[in-house]
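Residue numbering for the sequence shown follows the numbering used here, beginning at 87 and increasing consecutively.
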Amino acid sequence: MEHIAALLLVIGCSNNLSDCRELSVPVSVFATADACTAERPFALGDVQGQAQHIVAKCLAVDPALEDDYDQVVWKVLPNGTLDASLEISNLMVASNTVRPEKDYLRQQ
87 MEHIAALLLV IGCSNNLSDC RELSVPVSVF ATADACTAER PFALGDVQGQ AQHIVAKCLA
147 VDPALEDDYD QVVWKVLPNG TLDASLEISN LMVASNTVRP EKDYLRQQ
């Protein structure tokens, strides 16, 4: 299995930065950070015209935590730069470490 080393996040905003959203790009995951950085200008070209202000950032992915990341947290700062990170929410959906036998299963 190939590991992901970087994720390209592209955000489009209104001119006053009050309304922002993620924009889809053809390729958003990369095997190396350098590949992400090299693709960023082309991705910006692909989304040209979809928003008045567009920013992009390559986010480093720790291969050991690749499957644990479940959130991309971002905000566009008043100066127009993108602050973003990959995070793990620590939200446990279900857990069953011990499964005691049910009494009714033992009945004969």
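The C-beta atom is built at its ideal place from N, Cα and C for all residues, glycine as well.
Here's a check: name, in chain order, each residue in its chain whose Cβ is nearer than 7 angstroms to the Cβ of residue i, leaving out the five neighbours to either side.
i    : result
N101 : Q138 and H139
S53  : It is not possible to answer for residue 53, since the shown part of the chain is limited to 87 through 194.
Consult DSSP for residue i and reduce its assignment to one of helix, strand or coil.
i    : result
D153 : coil
D120 : helix
A91  : coil
D105 : coil
G98  : strand
L130 : helix
What span of residues does the beta strand (DSSP E) with residue i cover, start to end?
i    : result
L140 : What sits at residue 140 in the sequence shown is Ile, not Leu. Element bounds for I140: H139 to A146.
S171 : L168 to E173
Would the beta-carbon of residue i fall within 8 angstroms of that of residue j?
i    : j    : result
L94  : S114 : yes
C99  : V158 : no
A142 : F116 : no
V111 : V133 : yes
D156 : I174 : yes
P149 : L103 : no
A129 : V96  : yes
Between the options, which lies nearest to residue i when the distance is taken from Cα to Cα?
i    : options                   : result
R107 : C122, Q136, D154 and N165 : Q136
Skipping 5 residues on each side, what residues in its chain have a beta carbon closer than 8 angstroms to that of residue i?
i    : result
E125 : L94, V113 and F116
D169 : W160, K161, V162 and L163
L109 : V96, I97, G98, V133, Q136, A137 and I140
T167 : V141
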